[in-house]
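As structure tokens, the structure follows; a few thoughts come after it.
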Amino acid sequence: MLSCKEVTHLLSEAQDRKITLPERVNLEMHLAICKGCKNFKSQMSFLREACQRYVKNQEKIDD
Amino acid sequence: MKFAHLQLRDETLAEDVVQEALAAALTSAKEFAGRSALKTWVFAILRNKIIDQIRLQSRTTNVSSFSQQEESLDETFETLFKANAHWSPGNRPNDWGNPEEALRQQRFWDVFDACLKHLPENTARVFMMREFLEFETAEVCQELSITISNCNVILHRARNGLRNCLEKNWFTAGEQPC
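Taken in sequence, the protein lines are chains U and D.
Residues in the first sequence are numbered from 141 upward in steps of one, following our numbering.
Residues in the second sequence are numbered from 4 upward in steps of one, following our numbering.
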């Protein structure tokens, strides 16, 4: 079983590469029972979204 | 300007790249019709100028260097966990509800900006190359001559630092009803 700390690393890497099947299985097993890491996962996708929006906003301002 | 300044962390340099980008855009502006297309295009030039500048800087600075700031960020991260590497009860990441709501609020962007500026310089650089300039991690490593595992560590540090900062200063500060 992965620890929460390991899960945060894996969730960060999942933003940058396709994680392997065994990694995914381990991850899902953990997420199924861990609310904190589930929230962490949503927060990672939100960060990605916020960054994309941030750049878009800059495009509008920077002229 | 702000976009360039944040990434280069140097006001004079930022002014230079913005000027260069505008100049480059002007010399061939005739080719472009439509104002919105022009804006996007100037921005694309600016992006490339920032990348050039980062390349130049990366020859003289060592991004993998580990400063006091990075160390304290890592220490903060460690305090979120119990000895068994699971979240300690008070530090479990919260449910941010419907965070997309925040993206429409100027106050949120002020906090977001402050949190970005709060990241250690090298950590922020790697993060912004990945998220703002949309480099693949392999490219970031190559450009900055760092290993992929180092890159992963730095990105993880940045993301967690930002996440923590937003959670403390926005998502629990009561700016939005939840």
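Just so you know, even glycine gets a beta-carbon here, dropped at the ideal spot from N, CA and C.
query                                                                                                                                                        : result
I need the straight-line Cα distance from D:Ala161 to D:Phe130, nearest angstrom please.                                                                     : 6 angstroms
In chain order, which beta strand (DSSP E) runs of at least 3 residues are fully inside the segment 114-168 of chain D?                                      : none
Short check: CB of U:Glu199 to CB of D:Thr140, under 8 angstroms?                                                                                            : no
Using the beta-carbon count (16 or more within 10 Å), is U:Lys158 buried or exposed?                                                                         : exposed
Would you say U:Thr160 lies against chain D (beta-carbon separation less than 8 angstroms)?                                                                  : no
Measure the alpha-carbon distance for D:Glu178 versus D:Leu122 and round it to whole angstroms.                                                              : Because D:Glu178 sits at a pLDDT of 46, beneath the cut-off of 50, its placement in the model cannot be relied upon, and the point is left open.
Give me the subset of the segment 85-97 of chain D whose CB atoms are less than 8 angstroms from a CB atom of chain U, sorted by chain position.             : Asn87, Ala88, His89, Trp90, Arg95, Pro96 and Asn97
Which whole-angstrom value is the C-beta distance of U:Arg188 and D:Glu142, which I expect to be below 8 angstroms?                                          : Incorrect: roughly 17 angstroms between the Cβ atoms, too far for contact.
Which residue wins for smallest C-alpha separation from D:Val45, given the options D:Ser75, D:Thr64, D:Ser61 and D:Gln22?                                    : D:Gln22
To the nearest angstrom, report how far apart D:Glu146 and D:Arg128 are at their CA atoms.                                                                   : 12 angstroms
Just curious, the alpha helix (DSSP H) that U:Asn166 is in, first and last residue?                                                                          : Leu161 to Ile173
Can you tell me which of the three DSSP states D:Phe84 falls into?                                                                                           : strand
D:Asn155 touches chain U at which residues, Cβ-Cβ below 8 angstroms?                                                                                         : His149, Ser152, Glu153 and Asp156
Just verifying my parser: in three-state terms, what is the DSSP assignment at D:Trp44?                                                                      : helix
Hey, is D:Arg128's beta-carbon within less than 8 angstroms of any beta-carbon in chain U?                                                                   : no
If contacts are defined as beta-carbon pairs under 8 angstroms, then D:Phe6 and D:Asn97 qualify, I think. What distance do you get, rounded to the angstrom? : The pair is not a contact, with the Cβ atoms about 30 angstroms apart (cut-off 8 angstroms).
Taking 8 angstroms as the CB-CB cut-off, is U:Arg164 touching chain D?                                                                                       : no
For U:Gln184, return the contacting residues in chain D, with the cut-off set at a CB-CB distance below 8 angstroms.                                         : The question names Gln, but residue 184 of chain U is Met in the sequence shown. The contacting residues are Arg162 and Arg166.
Roughly how many whole angstroms lie between the Cα atoms of D:Thr15 and U:Met169?                                                                           : 50 angstroms
Interface residues of chain U around D:His159 at Cβ under 8 angstroms?                                                                                       : Thr148, His149, Ser152 and Glu153
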